[in-house]
Amino acid sequence: MSVQTSGSIDSFAARLLGWYDRSARALPWRIPPGSDAVPDPYRVWMAEIMLQQTTVAAVAGYFERFVARWPTVADLAAADDADVMAAWAGLGYYARARNLLACARAVARDHGGHFPDSEAGLRALPGVGDYTAAAVAAIAFGRPAVVIDANIERVIARHRLIEIPLPAAKRAIRAELAPLVPRGRPGDFAQALMDLGATICTPRAPACGLCPLMADCAARGRADIERLPVKPAKKAKPQRYGVAHWIERDDAIWLVRRPDKGMLGGMRALPGGAWTDVPPAESGIAQVDHGFTHFDLRLTLVARESEDAAGEGEWWPLSALDAAGLPTLYRKLTDKMRERIS
DNA sequence: CATCCGTGGTT
DNA sequence: TAACCAAGGAT
491 MSVQTSGSID
501 SFAARLLGWY
511 DRSARALPWR
521 IPPGSDAVPD
531 PYRVWMAEIM
541 LQQTTVAAVA
551 GYFERFVARW
561 PTVADLAAAD
571 DADVMAAWAG
581 LGYYARARNL
591 LACARAVARD
601 HGGHFPDSEA
611 GLRALPGVGD
621 YTAAAVAAIA
631 FGRPAVVIDA
641 NIERVIARHR
651 LIEIPLPAAK
661 RAIRAELAPL
671 VPRGRPGDFA
681 QALMDLGATI
691 CTPRAPACGL
701 CPLMADCAAR
711 GRADIERLPV
721 KPAKKAKPQR
731 YGVAHWIERD
741 DAIWLVRRPD
751 KGMLGGMRAL
761 PGGAWTDVPP
771 AESGIAQVDH
781 GFTHFDLRLT
791 LVARESEDAA
801 GEGEWWPLSA
811 LDAAGLPTLY
821 RKLTDKMRER
831 IS
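When we follow this note's numbering, the leftmost residue of the first sequence carries the number 491, and every step to the right adds one.
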């Protein structure tokens, strides 16, 4: 079915959805176009939270494990914090995991175990911002919400040749996109734009020859299409340093939990001092370099006696270290130590 | 509006 | 290989 607009070119949405019907990626959380299956808002929400600033490839395994272990929002709401945080370990941006639990419990307690079916209702939940509220409203509930993620920003900025730098460009992008959203398939429309941005209208070397929207793309053929959308320059990342303590006793090591706020908040960790701008004097028994979003960290591992296992913490068997759910920074160190011990 | 918040893949 | 980037949200 093609929808005609002015001229002889099918409407933006018709071309996009036609392409999506042929080319949609098969993803664990996605109902294929044309299926009569009913979306599960819990699974849609779970996927959207995990996909925030995170690639499809990285999310797939986590999504499968989470929905297998906690099949419903009620199951997740009843889970132990430590189990959820450990299951999230390695995926990054750990505030998402804390908000995931807070959101599940809010849905269970305040909404009778059902996700709100409006954009405004969803937006009020922890960890749900403008993008996620619109995405869940459109994909799970068929609401004609205006969904804008980084893929869609890029597609629209190019198609309409919006040269305003982000994030200020978002207002213009929304104004251009809103009238294009079809009442009939808003969820597929949003997912189609994201698939298009991920596979054809890519940041570099876009495959314009394969694009269903090429005919009226304002950036088509421009040598500088990769410049769009215009983004602000990034600041240099400072180098920081830290010391972690390896405290071993009876084939177990001492682990602590980091405070909820700040880096790696709420996650199990090796004990250690605060991170600083100055390299430590000690040489240590191991060392890792780890890049965070806004600084690089060199972490030195220093052996300590079991008497230094003070305050809150737990002796964790070395044989079960995988189950501790350490974030990648510490996982790098424990992997090095495990190689050495075995 | 700017900053903070992870990680791994791609170029 | 260093830089860039990803289905952003909270503050």
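Just so you know, even glycine gets a beta-carbon here, dropped at the ideal spot from N, CA and C.
All values derive from a computational prediction rather than experimental measurement.
Reduced DSSP secondary structure (H/G/I, E/B, other) of residue i
i      : result
Thr824 : helix
Pro606 : coil
Trp806 : strand
Asp500 : strand
Ala594 : helix
Ala705 : helix
Ile521 : coil
Ile715 : helix
Tyr583 : coil
Arg515 : coil
Arg710 : coil
Ala723 : coil
Leu816 : coil
Gly674 : coil
Asp526 : coil
Ala697 : coil
Gly508 : helix
Gly687 : helix
Arg830 : helix
Ala680 : helix
Ala668 : helix
Ala662 : helix
Residue i versus the options, residue with shortest Cα-Cα distance
i      : options                           : result
Glu795 : Ile737, Ala680 and Asp786         : Ile737
Met575 : Ile663, Pro749 and Leu703         : Pro749
Phe785 : Arg520, Ala594 and Thr766         : Thr766
Thr562 : Trp535, Asp571 and Asp573         : Trp535
Ala582 : Ala614, Thr545 and Ala572         : Before going on, a small fix: residue 582 reads as Gly here, not Ala. Gly582 has its Cα closest to that of Thr545, out of Ala614, Thr545 and Ala572.
Gly774 : Gly752, Gly603, Gly762 and Ala504 : Gly762
Ala647 : Ile831, Asp798 and Ile663         : Ile663
Gly677 : Tyr532, Gly687, Ile652 and Phe631 : Phe631
Val768 : Arg650, Trp744 and Leu789         : Leu789
Pro722 : Met757, Ala659 and Asp685         : Ala659
Ala640 : Arg633, Ser513 and Leu656         : Leu656
Ala550 : His604, Ala564, Arg515 and Glu772 : Arg515
Ile642 : Arg599, Cys691 and Gln729         : Cys691
Ala713 : Lys727, Cys698, Ala705 and Ser513 : Cys698
Leu517 : Arg505, Asp526, Gly508 and Arg533 : Arg533
Lys822 : Val778, Ala800 and Ser809         : Val778
Arg661 : Ile638, Phe679 and Lys826         : Ile638
Val626 : Pro669, Leu667, Ala742 and Gln542 : Gln542
Lys751 : Trp509, Gly803 and Arg588         : Arg588
Leu667 : Val746, Asp565, Cys701 and Val645 : Val645
Leu808 : Asp526, Leu819 and Lys826         : Lys826
Leu591 : Asp607, Arg512, Ala695 and Ala564 : Ala564
Ala547 : His735, Leu615 and Trp519         : Trp519
Ala854 : Ala799, Ala759 and Gly801         : Past the edges of the chain, shown from 491 to 832, lies residue 854, and the structure says nothing about it.
Glu854 : Trp744, Ile831 and Leu819         : This structure does not reach residue 854, given that the chain is present from 491 up to 832, and the question cannot be answered.
Pro669 : Pro634, Cys701, Gly619 and Leu700 : Pro634
Ala800 : Val597, Arg747, Arg828 and Leu791 : Arg747
Assigned exposure category for residue i - 16 Cβ within 10 Å defines buried
i      : result
Val720 : exposed
Gln681 : buried
Glu609 : buried
Gly781 : exposed
Thr783 : exposed
Asp685 : buried
His649 : buried
Met491 : Below a pLDDT of 50, predicted positions are generally treated as unreliable, and Met491, at 46, falls in that range; the measurement from the model is reported next regardless. When all chains shown are included, Met491 counts as exposed.
Pro817 : buried
Gly674 : exposed
Val557 : buried
Phe605 : buried
Range covered by the alpha helix (DSSP H) that runs through residue i
i      : result
Thr692 : Segment: none, Thr692 is in no alpha helix (DSSP H) and carries neither H nor E.
Trp578 : Asp571 to Trp578
Arg559 : Val546 to Arg559
Ala564 : Val563 to Ala567
Leu541 : Pro531 to Leu541
Any non-hydrogen atom of the ligand NAP within 7 Å of residue i CB
i      : result
Arg794 : The ligand NAP is absent from the structure shown, which contains no ligands of any kind.
### Message
Please give the ranges of any alpha helix (DSSP H) in the region 609 to 660, keeping only runs that are unbroken, at least 4 residues long and fully inside the region.
### Response
609 to 613, 620 to 631 and 640 to 649
### Task
Mind listing, in chain order, the continuous beta strand (DSSP E) runs of no fewer than 3 residues lying wholly within the region 727 to 796?
729 to 739, 742 to 747, 776 to 781 and 786 to 794
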